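Remarks on the structure that follows.
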Amino acid sequence: MESNVTGDVGKPGTGKRMCIIGASGKLGRYMVHHALDRGYEVVGVCRERSTGKLADVADRITVIPGATDDREVVSHAVEGCDAVLTVLVPFGVDHYASGTAQAVLDHARPGARLVFSCGWHISRDGRDVYPWKLRMEVAVFGPLAKLIRFVDVDDQVEACRRVFDSDARWTVVRGSDLEEGDSQGLPVWSRHVGDPVLASNRTRRVDYARFMVEAVENDALIHEAPAIVGRLTPSALAHARTGGRS
Ligand SMILES: NC(=O)c1ccc[n+]([C@@H]2O[C@H](COP(=O)([O-])OP(=O)(O)OC[C@H]3O[C@@H](n4cnc5c(N)ncnc54)[C@H](OP(=O)(O)O)[C@@H]3O)[C@@H](O)[C@H]2O)c1
1 MESNVTGDVG KPGTGKRMCI IGASGKLGRY MVHHALDRGY EVVGVCRERS TGKLADVADR
61 ITVIPGATDD REVVSHAVEG CDAVLTVLVP FGVDHYASGT AQAVLDHARP GARLVFSCGW
121 HISRDGRDVY PWKLRMEVAV FGPLAKLIRF VDVDDQVEAC RRVFDSDARW TVVRGSDLEE
181 GDSQGLPVWS RHVGDPVLAS NRTRRVDYAR FMVEAVENDA LIHEAPAIVG RLTPSALAHA
241 RTGGRS
């Protein structure tokens, strides 16, 4: 692995190791780049068949191939890591998301910063107020996807419940609808879906990844489940203009 001794002095990640579980996906690859830019030594876990998606950074990171819910793989990958970023995905009906979360909670070193990704549909305290479109998607798409054994949203809910119940130094970042495009800067966040600042329900994926990486350095986000939205979306701009009185 390339050392980050020289030009990286003064960067927040210098001398620190970050593991990215689910590094080959769209969000994961953006996170890898942000982490390298911030001076972290990066270890990435991804399915064996997907290692090629990390070819452009293969000489700058350590790639550990394997299922992200494989406890041995995770235990090896998170060894010595100061931070672990985990992409929680509800694929299949074999408890993939909860298995992944549990493996990270069990094997990350005590005191490590843990940051997990999920969608707005996850609620920490039941005080979120959802747009009808999201309610429909969860009510209709959720059971259908489970029926055809494609996706198990309930398991992503269970994964987050385990994180919320843990004493680890966690943050669960709840993403709005995502889009590709150039960065708009660090997304803004709020504790509850339904808060006016979030109304635009749109975030650039590259910025979601940046929020995940920078959350590691922000202790104010420990034990928070921020719901995020793009910094330049109309609702975020309106909120900034009115100082939150909109
Ligand atoms: N998409 C959205 O609009 C949206 C909205 C809000 C929040 N989020 C959250 O953002 C995060 C990233 O989501 P994304 O949609 O942007 O996807 P993504 O970054 O492309 O990530 C998908 C991940 O799932 C893995 N994966 C795909 N098929 C799989 C399978 N059958 N079994 C096991 N793993 C599989 C991928 O691994 P490979 O590289 O090996 O395929 C990749 O690591 C998730 O936590 C999601 O809940 C997404």
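Sequential numbering from 1 applies to the sequence shown in full-length UniProt numbering.
From the three backbone atoms N, C-alpha and C, an ideal C-beta is built for every residue, glycine too.
All values derive from a computational prediction rather than experimental measurement.
>> Taking the straight line between their C-alpha atoms, what separation do you get for SER98 and ASP154?
In response: To locate residue 98, count along the sequence shown from 1; it is residue 98. To locate residue 154, count along the sequence shown from 1; it is residue 154. Looking at the two C-alpha atoms, the distance is approximately 10 Å.
> Contact between the segment 116 to 134 and the segment 53 to 66: three or more CB pairs below 8 Å?
Replying inline: Flag = no, the segment 116 to 134 and the segment 53 to 66 do not touch.
>> Are the CB atoms of THR233 and ARG202 within a distance shorter than 8 Å?
In response: As a first step, residue 202 is located in the sequence shown; it is residue number 202 there, counting from the start. As a first step, residue 233 is located in the sequence shown; it is residue number 233 there, counting from the start. Taking a C-beta distance under 8 Å as the contact criterion, ARG202 and THR233 qualify as a contact pair.
> Which one of HIS33, ARG47 and GLY52 has the shortest CA to CA distance from ASP69?
Replying inline: Within the sequence shown, residue 69 is the residue found at index 69, counting from 1. When HIS33, ARG47 and GLY52 are compared, the shortest CA-CA separation from ASP69 is found for ARG47.
>> Less than 7 Å separating the Cβ of PHE164 from some heavy atom of ligand 1?
In response: Taking the sequence shown and counting its residues from 1, the one referred to as residue 164 is at position 164. Result no, Cβ not under 7 Å from ligand 1.
>> Can you tell me whether PRO226 is buried or exposed? The criterion is at least 16 other CB atoms within 10 Å of its CB, across all chains shown.
In response: Looking up residue 226 in the sequence shown gives position 226. With 16 or more other Cβ atoms within 10 Å, it is buried.
> Can you give the Cα-Cα distance for GLY92 and GLY175, rounded to whole angstroms?
Replying inline: Position 92 of the sequence shown, counted from the start, is the residue given in the question as residue 92. Position 175 of the sequence shown, counted from the start, is the residue given in the question as residue 175. CA-CA distance, GLY92 to GLY175, rounds to 21 Å.
> Nearest-angstrom Cα distance between GLY39 and LEU144?
Replying inline: As a working note, residue 39 is residue 39 in the sequence shown. As a working note, residue 144 is residue 144 in the sequence shown. Answer to the nearest angstrom: the Cα atoms are 43 Å apart.
> Cα separation between ILE20 and ALA139?
Replying inline: Here residue 20 refers to the residue found at position 20 of the sequence shown. Here residue 139 refers to the residue found at position 139 of the sequence shown. Cα to Cα, the separation comes out at about 31 Å.
> What did DSSP end up calling CYS19 once you bin it into helix, strand or coil?
Replying inline: Counting from one through the sequence shown, the residue named residue 19 turns up at place 19. Strand at CYS19.
>> According to DSSP, THR100 sits in a beta bridge with which residue or residues?
In response: As a first step, residue 100 is located in the sequence shown; it is residue number 100 there, counting from the start. Beta-bridge pairing links THR100 to no other residue.
>> Taking DSSP's pairing of strands, which residues face ARG169 in a bridge?
In response: For this step, residue 169 is matched to residue 169 along the sequence shown. Here ARG169 is bridged, per DSSP, to ARG113.
> Which residues in the same chain have their Cβ closer than 7 Å to the Cβ of GLY13, if we skip the five residues on either side of it in sequence?
Replying inline: Counting from 1 along the sequence shown, the entry for residue 13 is found at position 13. A distance below 7 Å between beta-carbons, with the five flanking residues on each side excluded, links GLY13 to the following residues of its chain, in chain order: ALA35, ARG38, GLY39 and TYR40.
>> Per the DSSP calculation, LEU105 is bridged to which residue(s)?
In response: On the sequence shown, residue 105 is found 105 positions in, with the first residue counted as 1. Answer is none; LEU105 lacks a bridge partner.
> Taking the Cβ atom as the reference point for each residue, do GLY230 and SER200 lie within a distance shorter than 8 Å?
Replying inline: The residue given as residue 230 occupies position 230 in the sequence shown. The residue given as residue 200 occupies position 200 in the sequence shown. For GLY230 and SER200, yes; Cβs fall inside 8 Å.
> How many angstroms separate the CA atom of LEU54 from the CA atom of VAL32?
Replying inline: Position 54 of the sequence shown, counting from 1, holds the residue named residue 54. Position 32 of the sequence shown, counting from 1, holds the residue named residue 32. Taken atom to atom, the span from the alpha-carbon of LEU54 to that of VAL32 is near 9 Å.
>> Cutting at 6 Å between CB atoms, please list the residues of its own chain near GLY142, excluding the five before and the five after it.
In response: Within the sequence shown, residue 142 is the residue found at index 142, counting from 1. If we look at GLY142 and ignore the five residues flanking it on each side, its Cβ neighbours are VAL153.
> CB-CB under 7 Å to GLN102, same chain, minus the five flanking residues each way: which ones, in chain order?
Replying inline: Here residue 102 refers to the residue found at position 102 of the sequence shown. Result list for GLN102: ARG162, in chain order.
>> Measuring only the C-alpha atoms, how far is ALA236 from VAL188?
In response: Locating residue 236 in the sequence shown gives position 236, counting from the first residue. Locating residue 188 in the sequence shown gives position 188, counting from the first residue. If you take the alpha carbons of ALA236 and VAL188, they lie about 7 Å apart.
>> Bridge partners for residue 247 per DSSP, in chain order?
In response: With the chain covering only 1 through 246, there is no way to say anything about residue 247.
>> Taking the alpha-carbon of ASP133 as reference, which of ASP177, ALA67 and GLU224 has the nearest alpha-carbon?
In response: For the purposes of this step, residue 133 is taken as residue 133 along the sequence shown, with counting starting at 1. Contrary to the premise, residue 133 reads as Lys rather than Asp in this sequence. The closest CA to that of LYS133, considering only ASP177, ALA67 and GLU224, is found on ASP177.
> Any heavy atom of ligand 1 closer than 7 Å to the CB of CYS19?
Replying inline: Numbered from its first residue, the sequence shown carries residue 19 at position 19. Closer than 7 Å to some heavy atom of ligand 1: that does not describe the Cβ of CYS19.
> Where do the N-terminal and C-terminal ends of the beta strand (DSSP E) with LEU88 fall, by residue?
Replying inline: Taking the first residue of the sequence shown as position 1, residue 88 is located at position 88. If you look at LEU88, you'll find it isn't in any beta strand (DSSP E); DSSP assigns it neither H nor E.
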